[in-house]
Ligand SMILES: Nc1ncnc2c1ncn2[C@@H]1O[C@H](COP(=O)(O)OP(=O)(O)O)[C@@H](O)[C@H]1O
Ligand code: SF4
Ligand SMILES: [Mg+2]
């Protein structure tokens, strides 16, 4: 592998597992497999969309990549270097950050907007004078369309969309290369979602960012993603180019997810019959053996109960984990 | 476009895009207000809390400044003058009565500061003794609460933030201390410490303050931090799940940063409120310990020891019991009411 090729992949995760110990009854705990053997890569400058029902482990993937949770096992490789030791993580924190889902709980109610935005700068001591700090804050606020009048206010004075902009400005403070966006628009009004997504797009272009963009519905990630990964119950079930997954979803779960996406054109809408899944998503505490989707899959066979099907490349760049493919 | 009356047709004029000025008007915000300012505003609206606050301020100021211009001191026996026979007319004066020598001076045209609460059985001005007692009680309440606050804050925030085994062990210790019968422990500790400290302190500056007061502080430090620690731990446990804490950690912040920048500022209101509510309970404890003779060293008075002394002459001089009792009640009641007001103003959630 040449040096150039190697650095094309900004983020690479290999067999990432994150098990939480949860207490069941007195003194008994069992591992909850929130993320179970997930591998993917994100290329420099690209946006990887990560979708799946709520509770399937998307947030955990994002947080584990950033080492906010210590991975149970597996490797996180950033820019060709594995992130393991404390000093790796320390350096990594200056390059990768996160935008959070909840615009309310992600901003400290006792801090002013300028202190919130400057927090990463303060932590890393990234300025020489008060003046420099102030200028940097105003620059960051400009990026996300806040005006300087807002700097001395408190978060509770803003709407959800504005709060999310504050959170985005904070994540930009360290001049990151890679941002995990954890459902950054799902708490916002639909009318504002598009604005914020467009802003992510513009910022990516302007600042050369790489995103892992998490969302629970496909519609949101459709425009912004280059590739899309679909998760179900802690496992990656399909990964392909955004257009490919829209036009030719292969995994039965992705198919049902896509059939639920409203289509603007009534003709295609009628042609795509909606696939309604029966039953609920099982608890990750007692996930089914073999393919996690088999309890709800119309094509399930006895073989599906035996082992988790491997993620296979079924056409160029299109991966899916299913026995019938 | 004209719209017919009673027509359900939509008026298209309503859908003209807003001009820039209109937009500007929509985005202008109300003047910035901090959480603290809002809380003060709410507190000011609460009449009971405001009145209580003024009562506390007046009592505190009186306790601090009255001894400066009051001509009698708390341990001065007015009937005893060196080189003269003891003047018994100063003993057990009722309010606004005077001793013989004072009456003589008044007849000679001098003005004499009245004994507004009378004198006690040793001829000491009772007003100044009550003022000193209040001073002691307030000081004990204040400092004991600070001790409780510091210990509780340190233990509670470490326990809550660290979680896991550390939290488990600390909380079991807290449970054990919590389950001790506290009155009994206070009395036992106070009487044991009194003996130990008496010897240790001899000749030092601290002996002037009295071993009893010091042992009182130690008792408070040892026993009463537990509920504060529990409270703060609970707050921190829920606060540390907030995403802004995660955001700080994602930015590379360590435990110290998170605790001081995020967790403590966000349980600040709880801290202030419970400290305010701790003061009256400390005053109360000091009073009953003094009443039992485990309080301040004589001749230094405290409100509790004044009440205790008054028991001897209760039938003849009831005012000597009533006055310190009323002062204690007034202090404790207004502090409690003010603390409640603080809670309502700063942390409506807590009111359950
Ligand atoms: N800190 C934690 N401790 C225990 N279980 C957790 C924790 N965080 C998440 N989980 C569990 O892991 C699973 C995946 O959660 P999450 O990653 O938040 O899903 P998503 O973001 O896709 O909605 C859920 O079942 C959740 O209950
Ligand atoms: S592996 Fe079996 S159960 Fe799983 S999605 Fe494919 S067909 Fe369905
Ligand atoms: Mg989530």
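Chains as they are written, first to last, in our numbering: chain F, 1 to 325; chain L, 326 to 677. C-beta: ideal position from N, C-alpha, C; glycine also. The structure displayed is predicted, hence computed values, not measured ones.
Residue 379 of chain L, buried or exposed, once every other Cβ within 10 Å from all chains shown has been counted against 16 = Counting from one through the second chain, the residue named residue 379 of chain L turns up at place 54. Residue 379 of chain L should be labelled exposed.
Can you grab the Cα-Cα spacing for the pair residue 220 of chain F / residue 213 of chain F, in whole Å?
-> Your numbering for residue 220 of chain F matches position 220 in the first chain. Your numbering for residue 213 of chain F matches position 213 in the first chain. About 10 angstroms.
Return the CA-CA distance between residue 340 of chain L and residue 334 of chain L, expressed in angstroms with no decimal places.
-> To locate residue 340 of chain L, count along the second chain from 1; it is residue 15. To locate residue 334 of chain L, count along the second chain from 1; it is residue 9. Distance between the alpha carbons of residue 340 of chain L and residue 334 of chain L: 13 angstroms.
What's the call for residue 659 of chain L, buried or exposed, on a 16-neighbour Cβ count within 10 Å?
-> Counting from one through the second chain, the residue named residue 659 of chain L turns up at place 334. With at least 16 other beta carbons inside 10 angstroms of its own, residue 659 of chain L counts as buried.
For residue 573 of chain L, return the contacting residues in chain F, with the cut-off set at a CB-CB distance below 9 angstroms.
-> For this step, residue 573 of chain L is matched to residue 248 along the second chain. 108, 119, 120 and 123, listed in chain order.
Have a look at residue 42 of chain F and residue 156 of chain F and give me their C-alpha separation to the nearest angstrom.
-> Working through the first chain from its first residue, we reach residue 42 of chain F at position 42. Working through the first chain from its first residue, we reach residue 156 of chain F at position 156. Whole-angstrom Cα-Cα distance: 35 angstroms.
Is residue 324 of chain F near ligand 2, going by C-beta to nearest heavy atom under 6 angstroms?
-> Taking the first residue of the first chain as position 1, residue 324 of chain F is located at position 324. Correct: residue 324 of chain F has its Cβ closer than 6 angstroms to ligand 2.
Taking a Cβ distance cut-off of 7 angstroms, strictly less, list which residues of the segment 558-570 of chain L are near chain F, in chain order.
-> 567, 568 and 569
Residue 14 of chain F - partner residues in DSSP beta bridges | As a first step, residue 14 of chain F must be located in the first chain, where it is residue number 14. According to DSSP, residue 14 of chain F bridges with F:75.
Within-7 angstroms CB hit, residue 577 of chain L to chain F = Locating residue 577 of chain L in the second chain gives position 252, counting from the first residue. It does; some Cβ of chain F falls within 7 angstroms.
Identify the contact partners of residue 170 of chain F in chain L, using a Cβ-Cβ distance below 9 angstroms as the criterion.
-> For the purposes of this step, residue 170 of chain F is identified with residue 170 of the first chain, where counting begins at 1. Annotation: Cβ neighbours of residue 170 of chain F in chain L (cutoff 9 angstroms, chain order): 572 and 576.
Closest Cβ-Cβ distance between residue 97 of chain F and chain L: below 7 angstroms?
-> Numbered from its first residue, the first chain carries residue 97 of chain F at position 97. Yes - at least one Cβ of chain L is within 7 angstroms of the one on residue 97 of chain F.
Which whole-angstrom value describes the C-beta separation of residue 374 of chain L and residue 662 of chain L, a residue pair presumed to lie in contact below a C-beta threshold of 8 angstroms?
-> Residue numbering aside, residue 374 of chain L sits at position 49 when the second chain is read from its first letter. Residue numbering aside, residue 662 of chain L sits at position 337 when the second chain is read from its first letter. Going by Cβ atoms, the distance from residue 374 of chain L to residue 662 of chain L rounds to 6 angstroms, so yes, they are a contact pair.
Cβ distance (whole Å) where residue 450 of chain L is taken to contact residue 459 of chain L below 8 angstroms | By one-based count along the second chain, residue 450 of chain L stands at place 125. By one-based count along the second chain, residue 459 of chain L stands at place 134. Wrong, their Cβ atoms sit about 14 angstroms apart, outside the cutoff.
Taking the Cβ atom as the reference point for each residue, do residue 304 of chain F and residue 290 of chain F lie within a distance shorter than 7 angstroms?
-> Numbered from 1 along the first chain, position 304 holds the residue referred to as residue 304 of chain F. Numbered from 1 along the first chain, position 290 holds the residue referred to as residue 290 of chain F. Contact: yes.
Three-way DSSP call (helix, strand, coil) for residue 133 of chain F in this model = By 1-based counting over the first chain, the position of residue 133 of chain F is 133. The answer is helix: DSSP assigns residue 133 of chain F an H, G or I state.
Contacts that residue 66 of chain F makes with chain L (C-beta to C-beta distance below 8 angstroms) | Start at 1 with the first residue of the first chain, and residue 66 of chain F comes out as number 66. Going along chain L in sequence order, the residues near residue 66 of chain F (Cβ under 8 angstroms) are 575.
May I have the straight-line CA-CA distance separating residue 253 of chain F from residue 574 of chain L, to the nearest angstrom?
-> Locating residue 253 of chain F in the first chain gives position 253, counting from the first residue. Locating residue 574 of chain L in the second chain gives position 249, counting from the first residue. About 35 angstroms.
Can you give the beta carbon distance from residue 617 of chain L to residue 476 of chain L, rounded, assuming they're within the 8 angstroms contact cut?
-> Walking along the second chain from the start, residue 617 of chain L turns up at place 292. Walking along the second chain from the start, residue 476 of chain L turns up at place 151. Going by Cβ atoms, the distance from residue 617 of chain L to residue 476 of chain L rounds to 25 angstroms, so no, they are not a contact pair.
Residues in the segment 72-106 of chain F having any Cβ partner in chain L nearer than 8 angstroms = 90, 93, 94, 97, 98, 100, 101, 102, 105 and 106
When the cut-off is 7 angstroms and only beta carbons count, does residue 342 of chain L lie next to chain F?
-> In the second chain, counting from the first residue as 1, residue 342 of chain L sits at position 17. No, because no Cβ of chain F sits closer than 7 angstroms to the Cβ of residue 342 of chain L.
Which residues in the same chain have their Cβ closer than 8 angstroms to the Cβ of residue 3 of chain F, if we skip the five residues on either side of it in sequence?
-> Start at 1 with the first residue of the first chain, and residue 3 of chain F comes out as number 3. Its pLDDT being 45, under 50, residue 3 of chain F is placed unreliably in this model, and the value from its coordinates should be taken loosely. Nothing meets the Cβ criterion.
Kindly indicate the opening and closing residues of the alpha helix (DSSP H) around residue 230 of chain F.
-> On the first chain, residue 230 of chain F is found 230 positions in, with the first residue counted as 1. No alpha helix (DSSP H) holds residue 230 of chain F; the beta strand (DSSP E) holding it covers 227-232.
Note down the Cα distance separating residue 625 of chain L from residue 400 of chain L, rounded to an integer number of angstroms.
-> Along the second chain, one-based indexing puts residue 625 of chain L at 300. Along the second chain, one-based indexing puts residue 400 of chain L at 75. Between the alpha carbons of residue 625 of chain L and residue 400 of chain L lies a gap of roughly 8 angstroms.
Looking at the C-beta of residue 587 of chain L, does it have a partner C-beta in chain F at a distance below 7 angstroms?
-> Numbered from 1 along the second chain, position 262 holds the residue referred to as residue 587 of chain L. Yes, contact with chain F.
Please find out if some non-hydrogen atom of ligand 1 comes closer than 6 angstroms to the beta-carbon of residue 58 of chain F.
-> Reading the first chain from its first residue, position 58 is the one you call residue 58 of chain F. At least one heavy atom of ligand 1 is nearer than 6 angstroms to the Cβ of residue 58 of chain F, so yes.
Taking residue 391 of chain L as the reference, give the member of L:586, L:452 and L:606 with the closest Cα.
-> Counted from its first residue, the second chain places residue 391 of chain L at position 66. Relative to residue 391 of chain L, the option among L:586, L:452 and L:606 whose CA is nearest is L:452.
7 angstroms Cβ cutoff, residue 637 of chain L in contact with chain F = Working through the second chain from its first residue, we reach residue 637 of chain L at position 312. Taking Cβ atoms only, chain F never reaches closer than 7 angstroms to residue 637 of chain L, which makes this a no.
Residue from F:14, F:229 and F:95 whose Cα sits closest to the Cα of residue 173 of chain F = For this step, residue 173 of chain F is matched to residue 173 along the first chain. It is F:95 whose Cα lies nearest to the Cα of residue 173 of chain F.
Can you tell me whether residue 338 of chain L is buried or exposed, with buried defined as 16 or more other CB within 10 angstroms of its CB?
-> Taking the first residue of the second chain as position 1, residue 338 of chain L is located at position 13. By the neighbour-count rule (16 or more Cβ atoms within 10 Å), residue 338 of chain L is not buried but exposed.
Which stretch, first to last residue, makes up the alpha helix (DSSP H) that contains residue 200 of chain F?
-> Start at 1 with the first residue of the first chain, and residue 200 of chain F comes out as number 200. For residue 200 of chain F, the enclosing alpha helix (DSSP H) has its first and last residue at 190-207.
Between residue 300 of chain F and residue 237 of chain F, which are expected to be in contact by the criterion C-beta below 8 angstroms, what is the C-beta distance as a whole number of angstroms?
-> Walking along the first chain from the start, residue 300 of chain F turns up at place 300. Walking along the first chain from the start, residue 237 of chain F turns up at place 237. With 8 angstroms as the limit, residue 300 of chain F and residue 237 of chain F do not qualify as a contact, their Cβ atoms being about 14 angstroms apart.
Proximal residues to residue 283 of chain L (C-beta, below 8 angstroms), its chain only, five neighbours per side dropped = Because chain L here runs from 326 to 677, residue 283 of chain L falls outside it and cannot be looked at.
With 16 as the cutoff for other CB atoms within 10 Å, does residue 93 of chain F come out buried or exposed?
-> In the first chain, counting from the first residue as 1, residue 93 of chain F sits at position 93. Under this definition residue 93 of chain F is a buried residue.
Can you have a look at residue 640 of chain L and say buried or exposed, based on whether 16 or more other CB atoms are within 10 angstroms of its CB?
-> Locating residue 640 of chain L in the second chain gives position 315, where the first residue counts as 1. With fewer than 16 other Cβ atoms within 10 Å, it is exposed.
Taking Cβ to Cβ, would you say residue 218 of chain F is nearer than 7 angstroms to residue 113 of chain F?
-> Taking the first chain and counting its residues from 1, one reaches residue 218 of chain F at position 218. Taking the first chain and counting its residues from 1, one reaches residue 113 of chain F at position 113. No. Outside cutoff.
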